[in-house]
Each structure stands twice: as structure tokens, then as C-alpha cells.
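**Q**
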Amino acid sequence: MEIRDVAVVGLGTMGAGIAEVFARAGIGVVAIEADEQALRSGLGALDASLSRAVSRGRLDGAQQADIRARVRPATGFGDAAGVDLAVEVVPERIEIKRQVFAELDRVCSPDAILATNTSSLSVTAIAAGTRHPGRVVGMHFFNPAPVMGLVEVVRTVLTDDRVPAAVADLARRLGKTPVEVADRAGFIANALLLPYLNHAASLLESGYATAADIDMAATAGIGLPMGPLALLDLIGLDTSLSVLEVLHAEFGVARYCPTPLLRRLVTAGRTGRKAGRGIFSYEGGRATDATGVAGSAGSAEAVDLADAPDTVTVIGSADEQEADLASALASAGLNVTRNAAHPTDLILIVAEAGQPILPTALAAGRAGQAVGAHLPSGFAAGALVELVATSLTADTTMRTAAALAARLGLSVVRAPDRPGFLVGALLYPHLADAVRMAQDGYASATDIDTAMTLGCGYPRGPFELIDAAGAADVLAGLRAMYIAYGYPAFAPPPLLAEHAAAGIDFAAVRRARPAATSDDLARSGPAR
Ligand SMILES: NC(=O)c1ccc[n+]([C@@H]2O[C@H](COP(=O)([O-])OP(=O)(O)OC[C@H]3O[C@@H](n4cnc5c(N)ncnc54)[C@H](O)[C@@H]3O)[C@@H](O)[C@H]2O)c1
């Protein structure tokens, strides 16, 4: 079925952008708001966005006028009578959504598709309250809608087969990439993103690492565009908290249970960037840790290059990295030995994720002067080094090691001597969540990677990250975390163990079994 004319109900943060996306694709839009004032404000946001596009040279004045002429503003539902699709984008409250669907059900032709942009409510619950639940579907855009390339198309047990296929085709016409998902809380992107953010907040809360180090581990160590704590502040701690509550209510597992720090900050009105304060404070234009959590003393400690050592012992189990680091230190003019018996200012134990530092530090006989050094992406200028303190490492030793790393041009985070250190502690459980989602048959590895790259701005999806690190290494890291903590979320998923044992990457499976197109899905019916 071809979709030529749509209605967008609610022109708030998301709705104004969604109306713009349709109008830019040549589709007529009935833009419905609750009252005249809200309509003016929504159209104002749409106009401002189009004007920005003109000033940046992405549209000319004639195109702007054409797009704007396709938008027909309304404060009642009558004008939606002839549309092929209506998208509901009103606040995330089931009673408001039900009311809007009752109106659409009454006004629209029985052939029209009714879609909701809900992020966390049950599409089935919305559909079940209508007269024709087979035509109800989720069409979940990401913020900002004109920019983000993903649309999650949510099929319920009541949805007619033709409906998700038509919505997926429409999403392609809009220049977006659709992924089809079942009606499960959080769909793909939020169900994976939010527990990762929650886990990062719990690492901060427990004093495992500082806020600045946690965010640096994610950006410099994993390559993500933004740290999880800054992202929580950007999304809003209140919004994040309510999505986690929905996920926790649906799945009942601890990983979705909001960490108390989030609840406390929301109660205190520190909801993130929009409030000027969340995990970080944005006062004075600079983000500084505002939580006051014990052990998370603000942003990264200042490094004094004068603390750098003259003589260094380099030992450890990661042979190649050990050699790279030793030669870089020698090139930087340091006196380097690989013999632990030589008295030096500092012992650097080049570490592998999952392997504790302490036994090597004890064997070296000078544990107070020993620091672990883990380079998650190998040794290179600007690379991240995790400096790992054992319970015997002296504070002065950490300062010496940080000064040395700065002298080598490395970015530094500090981590305790626990499995995964900091980068792995953040990343491995997140990757395990993604593998479990594929293993449970909920979404394919391809769709999960698409959702995380296009919906969350990841440069590489979780399965590409696993392939890059090696399934065996991710498995070893997770196993070590699971043995140390016993949390079910750290239990390695069997699918990951299979890939590690067989030595095949996830990309090989994708090549062998290409993702289904919406035509295939339409032909093959609901069995997916
Ligand atoms: N904000 C995001 O980042 C984001 C991202 C993806 C999905 N969503 C989802 O999109 C939906 C809307 O979120 P938002 O952030 O745009 O909310 P919002 O509060 O910014 O906008 C909602 C708009 O709906 C209007 N409205 C309320 N009742 C109405 C009615 N009866 N008829 C017509 N208009 C009505 C309001 O006046 C308001 O302009 C929610 O379901 C949310 O979960 C939001």
C-alpha cells in the first residue's frame, strides 16, 4: 500500500521533527496539536529547523516553501479522515495515547495504518484498545528525527502482516533504515543502551572509578562518541529512570533496576543538562562531577609531569605490548629494564584483561611501586592506558605512572585490579546483553548493529566490536567478571562461547545469512 498523506499527532520535541521528515520526502502532513498555542510552538520549531537547513545551504528558499506548503496545521482530528497513516507522538502516558487512538480509530478509514512513536509503552496495550488492532504498529523514530537514520518498526501479536512491511518501506522512502522488532520493552536500542548507562552510573556510585574516567574509558577506550554519564545527563536522568523502570518491570532482572544514585539525583531535581546539573554540573560551561560520590573525586586528577620516573621496570604477560611499551619508554629517554630484581622508580605490569595484577606485583617484591598498565587498543600515540592499582599500590606510585603515561602521550584512566579493569567492566556486560538478544531470537546481529549505529550513534555495533576484540577475549573477560561477582548479567551467553570455540566472527554469519528484506518478510508471513 502506498502512503501519500499522513497525520502527525503532537508537535513536541519529536513530532515537529517527524512532520518535517515526512514533508521533506514529498508526503502531505496533517499536523495536529492539542490547542492553538501548542500548534504555534510546534510549527515554530519546524520552521526554525527548515530555516537552519536553508542557512546551511541544504535547502533553497523554494524547497523550503514547498515543504512548508505540504504541512496542514490542525487542532482537531477531522482533517485526518483521508490519511493513509497517522503517527501518534503525544507524551509518554498511556491514558493520553489511548485517547488519541480512540479519536484516530473513529476518524480514519479502516485501511489507514495507526502508528505510535512510544519509546517504552506496550504497543500491544495501545492496539488492544482500538477497534482495528491489526493496523496498529510502532514507528519509533530517534531524536532528532530529521538527523537520526533509524526507525524501529514494532509488530505486535495483533498486527496484520502487510502493516510492518508498508511502514518499513515508508521508512526507506524517508531515507531511514528500518529494523523490525517485536513488542518488547525498549525494543532494541533502548533495551541495550539503558542498562549499559545504568551500569556506568553504578560503577560511579560504588566508587569503582571517577565520572571523568568512566566517560574517558567509553570514548577513548571503546570509541563511542560520548561517555555514558554525559549521555545520561543529555537524555535526562528522569527520562532514563522511567525507561529503566519500564524495562525492570518487564524483564525483572537486576541489570535494569535503576541504581539508587539515579533516583537520588532525580529526587534532588538534578535531572541532567536541562537542569544545569545531573551527574555533571554544567555551570560555567564546563562539565564537572557534581555527585559528590565518595571515591569519585571530580574530574581526572591533574598530572604533574615532574612526577615522571627516571627508571622503569616493565614486566607482564602481554608479550607484544610489553615489548612495544618498553621500546617506547626507552625512546622517550627512560632507563628501562625488564628484570624485576633491578631497583627502579616504578614497576609497570603490562596486563591482559581478565588477569589480575596483584600476583605479579607480589612476585616482583615491591608491590607498593607496582602499577598495572592495560592498553585496550594496543600501544599508539594518543591511545588509552588503564592504570591499574592493586590494594598495595601507593598513591605516589599512581601519580608517577600517570605522569609517565602523559609523557608518552597516552590518555589515562585509573581502574581497580578487578576483572575487566574499567573498559572491560563497562563493555563486556553490554556486549553480553547484545549477544543474549540475538541468542534469544529477538533480533538478528545485523539488526542489533544497525540499531546501535543508526539509533545511538555508535561507530561500530556490538557485534562488530566483538569481532574486533575477538569473541574468545570477550568471553574470557566476561568469565572472569562472572567468577568474581557472580552476577547473572555477567554470565557468558552460550552463543558467544560457540563463536569463541568455533573461531568464527559474527560478520561471517551475517555474510552467510543476509538480513531479510521487508519483501521477504511480507512473503514469509508473521513467523519471525
Ligand atoms: N524525546 C525523545 O528523545 C524521544 C525519542 C523517541 C521517542 N519519543 C517518544 O515520542 C513521544 C513524544 O515525546 P516528546 O519528547 O516529543 O514529547 P513532548 O512533550 O515534547 O511533545 C508531546 C506533544 O504532544 C502534544 N499533545 C498532548 N496531547 C495531545 C493531544 N491530545 N493531541 C495532540 N497533541 C497533543 C503536546 O502539546 C506536545 O507538544 C513519546 O511517546 C516519547 O516516548 C521521545
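In terms of the working numbering, the sequence shown opens at residue 633 and continues consecutively. Glycine included, each C-beta is placed from N, C-alpha and C at the ideal position. Just so you know, these numbers come straight off a predicted model, no measurement behind them.
Measuring only the C-alpha atoms, how far is V638 from V662?
**A** On the sequence shown, position 6 is the one that residue 638 refers to. On the sequence shown, position 30 is the one that residue 662 refers to. One C-alpha to the other measures close to 6 Å.
**Q** Name the two residues that bound the continuous alpha helix (DSSP H) containing A1005.
**A** The residue given as residue 1005 occupies position 373 in the sequence shown. Where A1005 is concerned, there is no enclosing alpha helix (DSSP H), although the beta strand (DSSP E) it sits in stretches over A1002 to H1006.
**Q** Looking at C-beta atoms only, is the number of pairs between the region 780–789 and the region 812–830 that lie closer than 8 Å three or more?
**A** Judged by Cβ distances under 8 Å, the region 780–789 makes contact with the region 812–830, as three or more pairs qualify.
**Q** Have a look at the DSSP bridge pairing and note the partners of D637.
**A** For the purposes of this step, residue 637 is identified with residue 5 of the sequence shown, where counting begins at 1. Answer is G660.
**Q** May I ask whether a heavy atom of ligand 1 can be found less than 8 Å away from the beta carbon of H772?
**A** For the purposes of this step, residue 772 is taken as the residue at position 140 of the sequence shown. Checking every heavy atom of ligand 1 against the Cβ of H772, one is found closer than 8 Å.
**Q** Just how far apart, CA to CA, sit C1088 and G708?
**A** Position 456 of the sequence shown, counted from the first residue, corresponds to residue 1088. Position 76 of the sequence shown, counted from the first residue, corresponds to residue 708. Distance between the alpha carbons of C1088 and G708 is about 34 Å.
**Q** Verify whether the separation of the beta carbon atoms of L746 and L717 is less than 9 Å.
**A** Within the sequence shown, the letter at position 114 stands for residue 746. Within the sequence shown, the letter at position 85 stands for residue 717. In contact: L746 and L717 (Cβ atoms closer than 9 Å).
**Q** Below 9 Å between beta carbons: does that hold for G1014 and F1053?
**A** Stepping through the sequence shown from its first residue, residue 1014 is reached at position 382. Stepping through the sequence shown from its first residue, residue 1053 is reached at position 421. Against a cut-off of 9 Å, the Cβ pair of F1053 and G1014 comes out as no contact.
**Q** How many angstroms separate the CA atom of L829 from the CA atom of T891?
**A** Translated into the one-based positions of the sequence shown, residue 829 becomes position 197. Translated into the one-based positions of the sequence shown, residue 891 becomes position 259. Straight-line Cα distance between these residues: approximately 10 Å.
**Q** Output the distance between the C-alpha atoms of K906 and L861, rounded to the nearest integer angstrom.
**A** Counting from one through the sequence shown, the residue named residue 906 turns up at place 274. Counting from one through the sequence shown, the residue named residue 861 turns up at place 229. About 14 Å.
**Q** DSSP beta-bridge partners for G904?
**A** One-based indexing of the sequence shown puts residue 904 at position 272. In the DSSP output, where bridge partners are listed per residue, G904 has R909.
**Q** For P857, tell me which candidate among G1135, D1137 and G1093 has the shortest Cα-Cα distance.
**A** The sequence position of residue 857 within the sequence shown is 225, counting from 1. Cα-wise, what sits closest to P857 is G1093.
**Q** When the Cα atoms are used, what is the spatial distance from G761 to V732?
**A** Numbered from 1 along the sequence shown, position 129 holds the residue referred to as residue 761. Numbered from 1 along the sequence shown, position 100 holds the residue referred to as residue 732. The alpha-carbon atoms of G761 and V732 are separated by roughly 11 Å.
**Q** Would G1109 and G1056 be called neighbours here (beta carbons separated by less than 9 Å)?
**A** For the purposes of this step, residue 1109 is taken as residue 477 along the sequence shown, with counting starting at 1. For the purposes of this step, residue 1056 is taken as residue 424 along the sequence shown, with counting starting at 1. Going by C-beta atoms, G1109 is nearer than 9 Å to G1056.
**Q** Rounded to whole angstroms, what is the Cα-Cα separation between V982 and V785?
**A** Indexing the sequence shown from 1 puts residue 982 at position 350. Indexing the sequence shown from 1 puts residue 785 at position 153. If I take the Cα positions, the gap works out to 46 Å.
**Q** In the DSSP output, which residue or residues are listed as bridge partners for I979?
**A** Numbered from its first residue, the sequence shown carries residue 979 at position 347. I979 is bridged to T945 and A1002.
**Q** Jot down the residue ranges of each uninterrupted alpha helix (DSSP H) in the region 687–733, minimum 4 residues, whole runs only, in chain order.
**A** Within the region 687–733, the complete alpha helix (DSSP H) runs of at least 4 residues are 693–701.
**Q** Based on Cα-Cα distance, which residue from G901, A1012 and A843 lies nearest to T1163?
**A** For the chain, the structure presents residues 633 to 1160; residue 1163 sits outside this window and is missing.
**Q** For the region 785–856, which segments carrying the beta strand (DSSP E) assignment without a break, of at least 3 residues, lie completely within its bounds, in sequence order?
**A** Complete beta strand (DSSP E) runs here, min 3: 809–814.
**Q** Do you know how far the Cα of L643 is from the Cα of A1134?
**A** Counting from 1 along the sequence shown, the entry for residue 1134 is found at position 502. Counting from 1 along the sequence shown, the entry for residue 643 is found at position 11. Whole-angstrom Cα-Cα distance: 51 Å.
**Q** Should the region 679–697 be called in touch with the region 712–729, which here means at least 3 C-beta pairs below 8 Å?
**A** No, because fewer than three Cβ pairs between the region 679–697 and the region 712–729 fall closer than 8 Å, the two stretches do not touch.
**Q** What residues are listed by DSSP as bridge partners for I867?
**A** In the sequence shown, counting from the first residue as 1, residue 867 sits at position 235. Bridge partners of I867: none, in fact.
**Q** Run through the DSSP bridge pairs and tell me what P1048 is partnered with.
**A** For the purposes of this step, residue 1048 is taken as residue 416 along the sequence shown, with counting starting at 1. Partner(s): A1021.
**Q** Rounding to the nearest angstrom, what Cα-Cα distance links L1019 and M1030 in this structure?
**A** For the purposes of this step, residue 1019 is identified with residue 387 of the sequence shown, where counting begins at 1. For the purposes of this step, residue 1030 is identified with residue 398 of the sequence shown, where counting begins at 1. Approximately 8 Å between the Cα atoms of the pair.
**Q** Which two residues bound the contiguous alpha helix (DSSP H) that contains I1136?
**A** Counted from its first residue, the sequence shown places residue 1136 at position 504. Here I1136 belongs to no alpha helix (DSSP H), and DSSP marks it neither H nor E.
**Q** So, is R656 buried or exposed, given that buried needs 16 or more other C-beta atoms within 10 angstroms?
**A** Numbered from its first residue, the sequence shown carries residue 656 at position 24. Buried, because 16 or more other Cβ atoms sit within 10 Å of the Cβ of R656.
**Q** Say the cut is 8 Å; is the CB of E727 nearer than that to a heavy atom of ligand 1?
**A** For the purposes of this step, residue 727 is taken as residue 95 along the sequence shown, with counting starting at 1. Because no heavy atom of ligand 1 lies under 8 Å away, the Cβ of E727 does not count as near it: no.
**Q** Note down the Cα distance separating I650 from T920, rounded to an integer number of angstroms.
**A** Translated into positions along the sequence shown, residue 650 becomes position 18. Translated into positions along the sequence shown, residue 920 becomes position 288. Each residue's alpha carbon lies about 34 Å from the other.
**Q** Taking DSSP as the reference, what is the three-state secondary structure of S1043?
**A** What you label residue 1043 is simply residue 411 of the sequence shown in a count that begins at 1. Of the three classes helix, strand and coil, the one that applies to S1043 here is strand, per DSSP.
**Q** Specify the secondary structure class of D936 as computed by DSSP and reduced to three states.
**A** Taking the sequence shown and counting its residues from 1, the one referred to as residue 936 is at position 304. In the structure shown, D936 sits in coil (DSSP, three-state: anything other than H, G, I, E or B).
**Q** Does the Cβ of N749 have 16 or more other Cβ atoms within 10 Å, making it buried, or fewer, making it exposed?
**A** Residue numbering aside, residue 749 sits at position 117 when the sequence shown is read from its first letter. The residue is buried, with at least 16 neighbouring Cβ atoms inside 10 Å.
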